[in-house]
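Heads up: the structure comes next, in structure tokens.
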Amino acid sequence: MLVCRSRKHLHLHLLWKKKKCLEMAKSPETEHPVKAVGWASRDTSGVMSPFNFSRRATGERDVQFKVLYCGVCHSDLHMIKNEWGFTHYPIVPGHEIVGIVSEVGIKVEKVKVGDKVGVGCLVGSCRQCDQCSNDLENYCSKQILTYSMPYLDGTITYGGYSDLMVADEHFIIQWPENLPMDKGAPLLCAGITTYSPLRYFGLDKPGLNVGVVGLGGLGHVAVKFAKAFGTRVTVISTSLSKKKEALENLGADDFLVSRDDEQMNAAAGTLDGIIDTVSATHPLLPLLGLLKPHGRLIAVGAPEKPLELPVFPLLSGIGHEDNKQNGFNQNYKMLIC
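Numbering (UniProt numbering), first residue to last: 1 to 337.
Quick look at the structure:
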């Protein structure tokens, strides 16, 4: 069975949604009372410059925190250049955000002033649908992304490239004391994007053979998680220059050059699952050939152009899955694992 839950799907849905909402959006510069400063892109050049704006006052269930660190995700680069077609300018990107709580609403229960917290890709959802009830806010049709999207009050959300954030307590993540904030921030996107499918699709069992395609930001984290789960990890890359990084620095067990037919043929049918992190257009058929019967190919990259998916390998018992990031509660489970 082919299950499509791609981030590309999400972007198409959001594009439609934004076209209907943005004309009605209000400016945070005039609607909100809390002054903030950040870095924004104002057009498709993607050039970032200082930007004065405002955040909403801390509501009864809101948490305000001082931003200390914010990771750089490749999707931020797509967004500041409007490469996905739904950017609202000016845009303050950043969705791997950590900091220290400076104010809480009167009904906030799980954090207090001075606590370390984080915010990932979402800052809102309907909280009433089946998806939200099952901790799958990322599937909610009314989800609100951390930046460049209309919030409940009609203003546009701004992300973590700023000095402070305000978010609903439900979307605030308590930060583990033993996890460095600067090193842990990227886990709120790159981390959960790989942790969640490894867990969900059962590729977290010791002794399994797991492939990781690509060794960029997502690939690095995928290798680290897969090794931490006790699996045997094979990195698959077009570039032989990544071999030392994969084997010596990240602890992968094997390395395959995907353009080397001899290597790929020798490894045919050996992997229980593959996490494909590549965001560029690339062939899927060679990867499918590496899987055991009933193995899974999980795509977490977001290529701009469609990938060709051969049907015959699927009929032969090989599964293909597209991962749509995470359920919200998975974030905290990832940070403390």
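Glycine included, C-beta positions come from ideal geometry on N, C-alpha and C.
Check, Outcome
"Cα-Cα separation, Ala-36 to Val-63", "15 angstroms"
"Three-pair Cβ contact test at 8 angstroms for the stretch 249 to 266 versus the stretch 286 to 296", "yes"
"Closest by C-alpha distance to Gly-217, when choosing among Phe-229, Leu-250 and Lys-112", "Leu-250"
"Buried or exposed (CB count within 10 angstroms, at least 16 for buried), Glu-96", "buried"
"Pair within 8 angstroms by beta-carbon distance, Asp-76 and Gly-59", "no"
"Leu-335 (DSSP reduced to helix, strand or coil)", "helix"
"Validate contact between the stretch 180 to 187 and the stretch 198 to 208 using beta carbons, cut 8 angstroms, 3 pairs", "no"
"Span of the beta strand (DSSP E) around Asp-168", "164 to 168"
"Ser-279 vs His-74 beta-carbon contact at 8 angstroms", "yes"
"Cα-Cα separation, Glu-304 to Trp-175", "33 angstroms"
"Opposing strand residues paired with Met-48 [DSSP bridges]", "Ser-41"
"Cβ pair count under 8 angstroms reaching 3, the stretch 155 to 170 against the stretch 115 to 124", "yes"
"Inside the stretch 157 to 243 only - beta strand (DSSP E) runs reaching at least 3 residues", "164 to 168, 209 to 213 and 232 to 237"
"Endpoints, the beta strand (DSSP E) within which residue 347 is located", "With the chain running from 1 to 337 in the structure shown, residue 347 is simply not present."
"Nonlocal neighbours in the same chain, by C-beta distance under 8 angstroms from Leu-152, ignoring five residues either side", "Gly-124 and Ile-144"
"Rounded C-alpha distance that separates Thr-44 from Pro-50", "16 angstroms"
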